[in-house]
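In what follows, a structure is listed as structure tokens, so that the remarks can point back to it.
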Amino acid sequence: MLEATTDAIGALAIYAGLNTLILVWLAFQTGRVRQSEKVLMGDGGNPRMIRIMRGHANAMEFIPVTLITLLAVALLGGPAWAIHGFGLLLTAGRFLHALHFTAADAPGWQRSAGTALSLLAMVGAAFWAIVAGLATII
1394 MLEATTDAIG ALAIYAGLNT LILVWLAFQT GRVRQSEKVL MGDGGNPRMI RIMRGHANAM
1454 EFIPVTLITL LAVALLGGPA WAIHGFGLLL TAGRFLHALH FTAADAPGWQ RSAGTALSLL
1514 AMVGAAFWAI VAGLATII
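Those letters in the sequence shown? Residues 1394 to 1531, per this note's numbering, in order.
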């Protein structure tokens, strides 16, 4: 069985922290919009509220599963450079995507680029985890 390295776990900690801060930022932005639009519960049918809530929900769909997958890669001995590569893709993608959803009117490229980078990180980490997992049983 492969052994986790401190460097890989340390790299993962950096991206877990950065992506947690993105989630905190989105939570504050959601609260700010909720307060300014006077929507106490749900989205109230308010387009601005729907937009910010969707951006926050999308981050919750991408960040945890990708970080968990990267943890598996790190624990199975994946190199720190791979964790940094996927972590940078995820973090840049989630930041761009969040920028798009926190602005009332944002350029579409932010959403597209953010999604593409996030998907690259998620799919890349998934394939690496599958290979690392198979290597332990074959």
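C-beta: ideal position from N, C-alpha, C; glycine also.
- Taking a 10 Å sphere around the C-beta of G1424, we find fewer than 16 other C-beta atoms and assign the residue as exposed.
- A distance below 7 Å between beta-carbons, with the five flanking residues on each side excluded, links R1504 to the following residues of its chain, in chain order: H1490 and H1493.
- For F1520, the number of other beta carbons within 10 angstroms of its own is below 16, and it is reported as exposed.
- Under the DSSP assignment, G1526 falls in the alpha helix (DSSP H) whose first and last residues are G1501 to I1530.
- DSSP places M1453 inside the alpha helix (DSSP H), whose first and last residues are P1440 to L1468.
- Nearest C-alpha to H1449 among N1412, L1416 and I1407: L1416.
- With a cut-off of 8 Å on Cβ pairs, the region 1437 to 1447 is not in contact with the region 1400 to 1411, counting fewer than three such pairs.
- If you look at G1424, you'll find it in the alpha helix (DSSP H) that goes T1399 to E1430.
- Around A1475, the same chain offers V1466 and W1521 as residues with beta carbons nearer than 7 Å, after the five sequence neighbours per side are excluded.
- For A1491, the enclosing alpha helix (DSSP H) begins and ends at A1473 to T1495.
- Taking A1404 as reference, the option from A1506, T1484 and G1480 with the minimal CA-CA separation is G1480.
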